[in-house]
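Trainee:
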Amino acid sequence: MQTATAETTNDAKDDGGPLQQPLAGRHALITGGNRGIGAAIAEHLADLGANITLAARDENALEGQRQKLSARGDIAVSAQTMDLRDPASIADGVAAARDSHGPIAVLVNNAGIAPAAPLAKLDLKTWQETFDINVQAAFLLCQAVQSDMQDLGYGRIINVASTAGLRGYPFVAAYVASKHAVIGLTRALALELAKGPITVNAVCPGYTETEMAANAIANIQESGKSEAEARAILTRGNPQGRLIQPDEVAATVAWLCQPSSGAITGQAIAVAGGEVM
Numbered sequence: 056m057q058t059a060t061a062e063t064t065n066d067a068k069d070d071g072g073p074l075q076q077p078l079a080g081r082h083a084l085i086t087g088g089n090r091g092i093g094a095a096i097a098e099h100l101a102d103l104g105a106n107i108t109l110a111a112r113d114e115n116a117l118e119g120q121r122q123k124l125s126a127r128g129d130i131a132v133s134a135q136t137m138d139l140r141d142p143a144s145i146a147d148g149v150a151a152a153r154d155s156h157g158p159i160a161v162l163v164n165n166a167g168i169a170p171a172a173p174l175a176k177l178d179l180k181t182w183q184e185t186f187d188i189n190v191q192a193a194f195l196l197c198q199a200v201q202s203d204m205q206d207l208g209y210g211r212i213i214n215v216a217s218t219a220g221l222r223g224y225p226f227v228a229a230y231v232a233s234k235h236a237v238i239g240l241t242r243a244l245a246l247e248l249a250k251g252p253i254t255v256n257a258v259c260p261g262y263t264e265t266e267m268a269a270n271a272i273a274n275i276q277e278s279g280k281s282e283a284e285a286r287a288i289l290t291r292g293n294p295q296g297r298l299i300q301p302d303e304v305a306a307t308v309a310w311l312c313q314p315s316s317g318a319i320t321g322q323a324i325a326v327a328g329g330e331v332m
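For the sequence shown, the residue numbers in the working numbering are 56 to 332.
(1) What did DSSP end up calling ASN214 once you bin it into helix, strand or coil?
(2) Ordered along the chain, which non-local residues of its own chain (more than five positions away) have a Cβ less than 7 Å from that of VAL255?
(3) If ASN164 sits next to LEU196, beta carbons under 8 Å apart, how far is it from one beta carbon to the other, in whole angstroms?
(4) With LEU84 as the anchor, note down where its beta strand (DSSP E) starts and where it stops.
(5) Which term fits GLY296, buried or exposed, when burial requires 16 or more other beta carbons within 10 angstroms of its beta carbon?
(6) Please look up how many angstroms separate the CB atoms of CYS259 and ALA323, rounded, as I've assumed it's under 8 Å.
(7) Does the Cβ of ASP206 have 16 or more other Cβ atoms within 10 Å, making it buried, or fewer, making it exposed?
(8) Do ILE145 and ALA199 come within 8 Å of each other at the CB atom, strictly closer than that value?
(9) Which residues in the same chain as ALA229 place their Cβ atom closer than 7 Å to its Cβ, once the five residues preceding and following it in sequence are excluded?
(10) What does the alpha-carbon distance come out to for the pair THR64 and GLY223?
(11) Using 8 Å as the Cβ pair cut-off and three pairs as the minimum, do the segment 230–238 and the segment 130–141 touch?
(12) Compare the Cα-Cα distances from GLU216 to each of GLY317, PRO225, THR86 and report the closest residue.
(13) Distance check for ALA273 and ILE299, CA to CA, integer angstroms please.
(14) When you compare only the Cα positions, how much space is there between THR307 and GLY91?
(15) Measuring CB to CB, does GLU330 end up less than 8 Å from THR218?
(16) Please classify GLU277 as buried or exposed, where buried requires at least 16 other C-beta atoms within 10 Å of its C-beta.
(17) Can you tell which of PRO252, ALA287, ALA257 has the C-alpha that lies nearest to the C-alpha of ALA268?
(18) Indicate the three-state DSSP secondary structure (helix, strand or coil) for LEU240 in the structure shown.
(19) Measuring alpha carbon to alpha carbon, tell me which of ARG81, GLN76, PRO77, ASN89 ends up nearest PRO301.
(20) Let's test the definition: count the other Cβ atoms within 10 Å of the Cβ of ASN214 and tell me whether it reaches 16, buried, or not, exposed.
(21) Can you find a CB in chain D that lies within less than 8 Å of the CB of ALA228?
(22) Round the Cβ separation of ASN189 and SER233 to the nearest angstrom and send it over; I've been treating them as touching at under 8 Å.
(23) Which residues bound the alpha helix (DSSP H) around VAL200?
(24) For ALA245, name the three-state secondary structure that DSSP assigns.
Structural data, given as structure tokens:
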């Protein structure tokens, strides 16, 4: 069942001038906006003046993040439950978001899963669920908001992919394949829309200090490694020798969402400390 809560202050105002709040009054929908990279993206876009719809399955976590975000400025913030495995839930969630804050000008497809298993032990259900959440949901959401953006004369679609969409990693075949598909979708749609007001880009983080990285560390530890050894394995592919921070990914997404990034489309931008070039 779809539920939504909203807290609206006054209409977003450009108190700091257009350079400080270039997204003032724009409506941004962010999937997986309740934690990790998605929460950081929401905070950055809120600071740019955007009204925000956070979408995820966990209603309690959404509400907590909504309250935190609402305190950041003179913006409207809603929390919308959405099951990305379910096309009907996606359609209902987009409609509810639009009812709350008007047409959607910015879409950030951030939510995703990364199940780990050797290919020989990867079952079809897990493969399909990975594609449903990581690829099909992004496809459906891109379709759902495109007319809004055309009518507004402004649109930014950001697909949070991964360095796994630019190279291979062992034991996460479904994730790697799905992120390659997301980048393919990004490039195709960017060309379709290139002559209009909508840009479409992918951001490709390396291993980032999030719950997903914590799960990867736990999986490595199952092989008998210590936590320190597991973290070292994750970071050794990064020439900077560290995990990426959610705010670093969010800053890249925020840049791509602004009017000044209008010439950037169809790109898959790695935020990975030089891991992929």
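All residues carry an ideal CB built from backbone N, CA and C; glycine is no exception.
Mentor: To lay it out plainly:
(1) strand
(2) ILE212, THR241, LEU244, ALA245, LEU248, THR320, GLY321
(3) 6 Å
(4) 82–86
(5) exposed
(6) 5 Å
(7) exposed
(8) yes
(9) PRO170, LEU177, THR181, TRP182, THR185
(10) A caution first: THR64 carries a pLDDT of 36, below 50, which makes its placement in the model unreliable, though a value can still be read off. One C-alpha to the other measures close to 46 Å.
(11) no
(12) A small correction: the amino acid at residue 216 is Ala; Glu does not occupy that position in the sequence shown. Nearest of GLY317, PRO225, THR86 to ALA216, Cα basis: THR86.
(13) 18 Å
(14) 15 Å
(15) yes
(16) exposed
(17) ALA287
(18) helix
(19) ASN89
(20) buried
(21) Among the protein chains of the structure shown there is no chain D, as only one such chain exists.
(22) 4 Å
(23) 192–207
(24) helix
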